[in-house]
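Asks:
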Amino acid sequence: MERHLTIVVAVDAQRGIGINNTLPWHLKEDLAHFKRVTTGHPIIMGRKTFDSIGRALPNRRNIAITRNPAWQHDGVETAASLEAALALVGEVQSFIIGGAQIFAEAFPHAERLIVTHIDKSFDCDTFFPPIDPQQWKEVEHEQHHSAENNCDYAFVIYQRA
Numbered sequence: 010m011e012r013h014l015t016i017v018v019a020v021d022a023q024r025g026i027g028i029n030n031t032l033p034w035h036l037k038e039d040l041a042h043f044k045r046v047t048t049g050h051p052i053i054m055g056r057k058t059f060d061s062i063g064r065a066l067p068n069r070r071n072i073a074i075t076r077n078p079a080w081q082h083d084g085v086e087t088a089a090s091l092e093a094a095l096a097l098v099g100e101v102q103s104f105i106i107g108g109a110q111i112f113a114e115a116f117p118h119a120e121r122l123i124v125t126h127i128d129k130s131f132d133c134d135t136f137f138p139p140i141d142p143q144q145w146k147e148v149e150h151e152q153h154h155s156a157e158n159n160c161d162y163a164f165v166i167y168q169r170a
């Protein structure tokens, strides 16, 4: 079965992605980009990531990975593992949206990465794995500036090499 799996993530200058199960920044441009990219597609996330969002995201099939078979939330399907979540979506274009453990598990399965590189360091306790240039080729790069956060950022798409 051919998978159409994309990891979507925002990282700071040190590859930080979060602190205390929350985003360490508020970059409204990135949130709008995330919505544009994922709307209409299944999104797969760990239960802690779902808890940090707090609700099912509209116009997307929400799948949370949890080891707790009793856990449930309106508008969210559950899977006991990444493999089980991938079996639920089959060959449909799907997006992994976090957290760190799910990103690490999904790396070998992903064919594409959509990364918002924020050119600033934040206080983070969770990090994204390094993007190996031997395995990933940058195919798109869109540079921006956030006046609100006084930093540059880029939307970058990597394709598996």
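The numbering of the sequence shown is this note's numbering, which starts it at 10 and goes up by one. Just so you know, even glycine gets a beta-carbon here, dropped at the ideal spot from N, CA and C.
Please work out which residues of its chain come closer than 7 angstroms, Cβ to Cβ, to residue 126, disregarding the five sequence neighbours upstream and downstream, and give them in chain order.
Replies: Excluding positions up to five away in sequence, the list reads 20, 162, 163 and 165.
Asks: Can you tell me whether residue 130 is helix, strand or coil according to DSSP?
Replies: Coil.
Asks: Return helix, strand or coil for residue 170, following the three-state DSSP convention.
Replies: Looking at residue 170 - three-state DSSP - the assignment turns out to be coil, as it is neither helix nor strand.
Asks: Report buried or exposed for residue 42, applying the criterion of at least 16 other Cβ atoms within 10 angstroms of its Cβ.
Replies: Its Cβ being crowded by 16 or more others within 10 Å, residue 42 is buried.
Asks: Which partner residues of residue 161 appear in the DSSP bridge assignment?
Replies: 154, per the DSSP bridge assignment.
Asks: Sort 45, 61 and 89 by Cα distance to residue 68 and report the nearest one.
Replies: Ranking the options by Cα distance to residue 68, first place goes to 45.
Asks: Do residue 94 and residue 62 have their C-beta atoms closer together than 8 angstroms?
Replies: No.
Asks: Using 8 angstroms as the threshold, is the C-beta distance between residue 104 and residue 47 below it?
Replies: Yes, they are a contact pair.
Asks: Residue 33 and residue 160 look like a contact to me (Cβ under 8 angstroms); what is the Cβ gap, rounded to whole Å?
Replies: Contact doesn't hold; Cβ gap of about 12 angstroms is too wide.
Asks: Report the option in 107, 100 and 38 whose CA atom is closest to the CA atom of residue 194.
Replies: Because the chain in this structure spans residues 10 to 170, residue 194 falls outside the shown range and cannot be described.
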